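What follows is a single structure, written as structure tokens, with notes after it.
There are 2 protein chains.
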Amino acid sequence: MESSFCKFPLTELTELLASKAPVPGGGGAAALAGSLAAALGSMVCELTLGKKKYAQYEEDLRELLSRAAALRTELLALIDADAKAFEPLSRAYSIPKDAPERAEIMEKALKAACEPPMEMARRCAETVELMSELAEKGSAIAVSDVGVGTQLARAALLSAGLNVRVNAKSMADRDYAGALVRELDKLELSCVPLAEVTYAKVLARIG
Amino acid sequence: MESSFCKFPLTELTELLASKAPVPGGGGAAALAGSLAAALGSMVCELTLGKKKYAQYEEDLRELLSRAAALRTELLALIDADAKAFEPLSRAYSIPKDAPERAEIMEKALKAACEPPMEMARRCAETVELMSELAEKGSAIAVSDVGVGTQLARAALLSAGLNVRVNAKSMADRDYAGALVRELDKLELSCVPLAEVTYAKVLARIG
Numbered sequence: 001m002e003s004s005f006c007k008f009p010l011t012e013l014t015e016l017l018a019s020k021a022p023v024p025g026g027g028g029a030a031a032l033a034g035s036l037a038a039a040l041g042s043m044v045c046e047l048t049l050g051k052k053k054y055a056q057y058e059e060d061l062r063e064l065l066s067r068a069a070a071l072r073t074e075l076l077a078l079i080d081a082d083a084k085a086f087e088p089l090s091r092a093y094s095i096p097k098d099a100p101e102r103a104e105i106m107e108k109a110l111k112a113a114c115e116p117p118m119e120m121a122r123r124c125a126e127t128v129e130l131m132s133e134l135a136e137k138g139s140a141i142a143v144s145d146v147g148v149g150t151q152l153a154r155a156a157l158l159s160a161g162l163n164v165r166v167n168a169k170s171m172a173d174r175d176y177a178g179a180l181v182r183e184l185d186k187l188e189l190s191c192v193p194l195a196e197v198t199y200a201k202v203l204a205r206i207g
Numbered sequence: 208m209e210s211s212f213c214k215f216p217l218t219e220l221t222e223l224l225a226s227k228a229p230v231p232g233g234g235g236a237a238a239l240a241g242s243l244a245a246a247l248g249s250m251v252c253e254l255t256l257g258k259k260k261y262a263q264y265e266e267d268l269r270e271l272l273s274r275a276a277a278l279r280t281e282l283l284a285l286i287d288a289d290a291k292a293f294e295p296l297s298r299a300y301s302i303p304k305d306a307p308e309r310a311e312i313m314e315k316a317l318k319a320a321c322e323p324p325m326e327m328a329r330r331c332a333e334t335v336e337l338m339s340e341l342a343e344k345g346s347a348i349a350v351s352d353v354g355v356g357t358q359l360a361r362a363a364l365l366s367a368g369l370n371v372r373v374n375a376k377s378m379a380d381r382d383y384a385g386a387l388v389r390e391l392d393k394l395e396l397s398c399v400p401l402a403e404v405t406y407a408k409v410l411a412r413i414g
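Protein sequences appear in the order of chains A and B.
Just so we're aligned, residue 1 is where the first sequence starts under the numbering used here, counting upward by one.
Just so we're aligned, residue 208 is where the second sequence starts under the numbering used here, counting upward by one.
See below:
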């Protein structure tokens, strides 16, 4: 990987994503979508802060803004982290199936490749929760942006989850794989329905 | 708008999205998410073409690849189109409420601001359909990418939809607004369940 994907202009980034280059792939796309959701969270806070009608939420909104800004940069950084962790796995898959060292290298690469998407899933779950709070406390003029952030964070959570699941499935260490999948199930079971409720609230506020 | 958002590096783009600048907003984020989904569609085609196991789908995959590439660039171009259409609306909202010319300028701006997200919704619906075909015809090594593309296209469709709904709601011309919302409802009612089915198939293939 030459440099950070975060320095790539959108056009080049999507071209590279569309190519058969091993990275970025679905993991990087998930992290970027999560980062866009968190960015919308910041935007909604910025558009609400200072408005008389929402003065009662001032303190909460400052806290939400700071969390959203952190989530945006963390998720963006996970694009590169995912690429870095995926490359050794991509190399491991090209080791001949009968090579004696293959199993150990593969297992190590699979575990490492699960870490960035697992971290993405945690951050996207937080972003879904943040959006749910903004559906109550965010300015009416930005209500559609809360809905967009919610849908993108939900999609990014499930997408990061797929990247964990596909690698966990191939692991020899079933206890380790099971723990990853259980954590993921828990995040999804709590945050996917929450995202649906938030989206329904947004639709209701739009009327 | 100084230049195309497509030339912005990711970090700057997400910073601008997070700010209170009027554009990009939820519409631009939706278009970008849709473009990422279409890019993953291309990637899945590229990773499948030429594989003996999928030779029966060769012709279909070439057609899908060409559609995915077109969707990616069309959705990317809609980021700028959305910004261009949103700015007059943003200015219309700042016209004093009692100014006699306000209603006409506002109505024109609302109609124009609905066009890019409506076009996004159509393109995202096509992307959901494309992904559904790739869940059958795409290589097993890229099955998680089909799932990511599906979730992102679904989220982008609903997100573009919110941007149409929020502006359609304020229109004086209720027939025009109704036609937009009916087209949107139709796209969502057909493509959201299709995305859920595709995602379930992906989960089943991952096992």
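Beta carbons are placed, not taken as given, at the ideal position from N, Cα and C, and that holds for glycine.
Every value quoted in this text rests on a predicted model; they were computed, and no experiment measured them.
Contact check for proline 216 of chain B against alanine 290 of chain B fails: the beta carbons are separated by 8 Å or more.
The beta carbon of cysteine 321 of chain B does not come within 8 Å of any beta carbon belonging to chain A, so the residue lies off that interface. Nearest in C-alpha terms to glycine 207 of chain A, of all of B:Asn370, B:Lys315 and B:Ala342, is B:Asn370.
Per DSSP, the beta bridge partners of proline 9 of chain A are B:Pro216. Contacts with chain B at 8 Å (Cβ-Cβ) include threonine 11 of chain A.
Think of a sphere of 7 Å around the beta carbon of cysteine 6 of chain A: the chain B residues whose beta carbon falls inside it are Pro216, Leu217 and Thr218, in chain order. Straight-line measurement puts the Cα of glutamate 74 of chain A at about 32 Å from the Cα of alanine 103 of chain A. Proximity of chain B to threonine 14 of chain A at the Cβ level (cut-off 7 Å) is accounted for by Ser242, Leu243, Ala246, Arg279 and Leu283, in chain order. Boundaries cannot be given for glutamate 308 of chain B, as no alpha helix (DSSP H) includes it and DSSP labels it neither H nor E. Three or more Cβ pairs closer than 8 Å define a contact, and the region 50–62 of chain A falls short of that threshold against the region 87–107 of chain A. Shown here for valine 388 of chain B: same chain residues with a beta carbon closer than 7 Å to its own, the five before and five after excluded, namely Arg372 and Ala375 in chain order.
The alpha-carbon separation between glycine 149 of chain A and lysine 52 of chain A amounts to approximately 24 Å. By the neighbour-count definition (other C-beta atoms within 10 Å, threshold 16), valine 353 of chain B is a buried residue.
The C-alpha of alanine 275 of chain B lies about 31 Å from the C-alpha of alanine 142 of chain A. In this structure, DSSP gives glycine 26 of chain A a helical state, which the three-state scheme calls helix. Annotation: Cβ neighbours of aspartate 145 of chain A in chain B (cutoff 7 Å, chain order): Gly232 and Gly233. Exclusion of the five residues before and after phenylalanine 86 of chain A leaves Val23 and Ala113 as the residues of its chain whose Cβ lies within less than 6 Å of its Cβ. Taking a beta-carbon distance threshold of 8 Å, methionine 43 of chain A counts as an interface residue toward chain B. For the C-beta of isoleucine 206 of chain A, the chain B residues within less than 8 Å are, from N- to C-terminus, Leu369, Arg372, Val373 and Lys376.
For the 8 Å CB-CB criterion, alanine 245 of chain B and leucine 152 of chain A do not form a contact. Here the alpha carbons of leucine 391 of chain B and arginine 123 of chain A stand approximately 31 Å from one another.
For glutamate 196 of chain A, not one C-beta of chain B is nearer than 8 Å to its own C-beta. Sequence-distant partners of leucine 283 of chain B (beyond 5 residues in either direction) whose C-beta falls short of 8 Å from its own C-beta, in its chain, are Cys213, Ala238, Leu239 and Ser242. Within the same chain, Cβ atoms closer than 8 Å to the Cβ of leucine 224 of chain B are found at Pro231, Gly232, Gly235 and Ala236, the five residues on either side in sequence being excluded.
Burial is judged here by how many other beta carbons sit within 10 angstroms of a residue's own beta carbon; glutamate 196 of chain A has fewer than 16 and is exposed. Alanine 135 of chain A and valine 202 of chain A have their C-alpha atoms roughly 7 Å apart.
With contacts defined as CB atoms closer than 8 Å, leucine 296 of chain B and methionine 378 of chain B fail to qualify as a contacting pair. Chain A has no Cβ within less than 8 Å of the Cβ of alanine 290 of chain B. Annotation: the continuous alpha helix (DSSP H) that includes serine 190 of chain A extends over 174–206. Unbroken alpha helix (DSSP H) stretches of 4 residues or longer found wholly inside the region 47–96 of chain A: 58–93, given in chain order. Proximity of leucine 17 of chain A to chain B, defined by a Cβ-Cβ separation below 8 Å, is satisfied. For serine 144 of chain A, the uninterrupted alpha helix (DSSP H) run begins and ends at 143–170, by DSSP.
In this structure, lysine 20 of chain A sits near leucine 254 of chain B, with a CB-CB distance shorter than 8 Å. The C-alpha of leucine 40 of chain A is placed about 29 Å away from the C-alpha of tyrosine 383 of chain B. Along the region 179–192 of chain A, there is no position whose C-beta sits under 9 Å from a C-beta of chain B. For lysine 227 of chain B, the three-state secondary structure derived from DSSP is coil.
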